[in-house]
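Counting in the numbering used here, the sequence shown tops out at residue 72, every number present. Notes for the one structure printed next.
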Amino acid sequence: MSHPPTVREILCTPDDSSVIKEMRIFVKTGNEMSSANVVFESGAEYYYPALDNNTISQCLFADSIGSTFNKLVAQNDRVRYSKLS
């Protein structure tokens, strides 16, 4: 009997970012990819269905979470996303 993967939700609200208001990361245990909802200070919200966990870690632990996210995710043509609002 197989069990569905466990999902952990990580909420990041970086007070020091002028770009990102909130990042919700949905980690599937045993998987190298996670999904994320990102709300920007502009009010726009995007869903990223498959972000590499290493990329997420680099963003979360960077000196500037917004510029690192922009460089590694937003400017990467291979990253899929959907605009939610």
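Backbone N, C-alpha and C fix where the C-beta goes; we use that ideal spot for every residue, glycine too. Since the model is a prediction, treat every value here as computed from it, not as a measurement.
On the criterion of 16 or more Cβ atoms from any shown chain inside 10 Å, does residue i qualify as buried, or is it exposed?
i: I(-3); result: exposed
i: L71; result: exposed
i: V(-6); result: exposed
i: T16; result: exposed
Measure from the alpha carbon of residue i to the alpha carbon of each residue in the options, then state which is nearest.
i: E9; options: G53, V60, D64; result: G53
i: E32; options: D2, A61, R(-5); result: A61
i: C(-1); options: T(-7), Y68, A23, P36; result: A23
i: S4; options: A37, N18, S29, E19; result: S29
i: P1; options: F48, A37, Y34; result: F48
i: S69; options: L38, E19, N18; result: L38
i: T42; options: Y34, L59, S51; result: L59
Considering only DSSP beta bridges, list what residue i is partnered with.
i: I7; result: F27
i: L71; result: In the DSSP output, where bridge partners are listed per residue, L71 has none listed.
i: K15; result: V(-6)
Would you grab the beta carbon distance between residue i and residue j for me? Rounded to a whole angstrom, and I think it's under 8 Å.
i: F13; j: S21; result: 6 Å
i: V6; j: N57; result: 7 Å
i: P36; j: R67; result: 6 Å
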